[in-house]
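See below for the structure under consideration.
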Amino acid sequence: MYDNNSHRSILTNRERQIFQLLVEDNSTKEISIQLSISEKTVRNHISNTIQKLGVSGRSQAIVELLRLGELSLN
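Oh and the sequence shown: position 71 is 136 in this note's numbering, straight run, nothing missing.
So this is what it looks like as structure tokens:
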């Protein structure tokens with residue numbers, strides 16, 4: 066799976082969706098409703114991404130994903 070910048074993404078499509086919604090200031094509950102998944106599943110995706118990046122929380126994960134070009138501020 067490759068994104069538009071022709072580099073291999075470290076995120077799954079679902080992880081990217083969730084973090085993009087976090088950047089847009091949605092809560093875990095709002096994300097779960099929008100994506101029709103449980104809040105626990107949303108938290109699991111967030112946790113997996115934090116582990117992949119080796120950071121200590123959501124905010125650091127967002128900063129790192131923006132730095133890597135995995136997310137954008139719209």
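We put the beta carbon where it would ideally sit given N, CA and C, even for glycine. Given the structure is predicted, the values throughout are model-derived calculations rather than measurements.
Cβ-based neighbour list, residue i, same chain, cut-off 7 angstroms, excluding 5 preceding and 5 following
i: L130; result: F84 and L136
Check whether residue i and residue j have beta carbons under 8 angstroms apart
i: S97; j: V88; result: no
Close-in-space but distant-in-sequence residues of the same chain around residue i (CB under 8 angstroms, 5 per side omitted)
i: I127; result: F84, L87, V88 and L136
i: R123; result: L87, I111 and I115
Rounded distance between the beta-carbons of residue j and residue i, thought under 8 angstroms
i: H110; j: R132; result: Contact doesn't hold; Cβ gap of about 20 angstroms is too wide.
i: T93; j: E104; result: 5 angstroms
i: Q82; j: L100; result: 6 angstroms
Start and end residues, alpha helix (DSSP H) containing residue i
i: I49; result: This structure cannot settle anything about residue 49, because the visible part of the chain is limited to 66 through 139.
i: N113; result: E104 to L118
i: E80; result: N78 to V88
i: R123; result: R123 to R132
Proximal residues to residue i (C-beta, below 6 angstroms), its chain only, five neighbours per side dropped
i: N91; result: none
i: L76; result: E135
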